[in-house]
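In the working numbering, the protein residues as written are 1239 to 1324.
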């Protein structure tokens, strides 16, 4: 499944801050690497919500770009293989 949409930069920033705050409460040190990971998580999370994709779907490809006050997001989600029935 391929999705493409935009999200307001403030929404992405707030979600990334929530992920970063949680990580810091768990003992992760504040760093640029943490912020990059949190922004990626935020973008994926918002894309999942926008497209009603389950949390078990794998992110196969992700691109995002900030233009002005919007993030333009293109993401491909794949479904994990189903467990065989016995």
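Quick reminder that beta carbons are idealized off the backbone N, C-alpha and C, glycines included.
Remember, it's a predicted structure, so these values are computed and weren't measured experimentally.
Close CB contacts of residue 1279 within its chain, under the 6 Å cut and outside five residues either way in sequence, are with 1257 (chain order).
Taking 8 Å as the cut-off, the beta carbon of residue 1277 is found no closer than this to the beta carbon of residue 1313. In the DSSP assignment, residue 1300 falls within the unbroken beta strand (DSSP E) covering 1296 to 1305. Taking C-beta atoms under 8 Å as the contact rule, residue 1283 and residue 1253 qualify, at a distance of about 6 Å. When DSSP states are grouped into helix, strand and coil, residue 1249 belongs to the helix group. Rounded to whole angstroms, the gap between the alpha carbons of residue 1299 and residue 1310 is 14 Å.
The Cβ atoms of residue 1294 and residue 1318 sit closer than 8 Å to each other.
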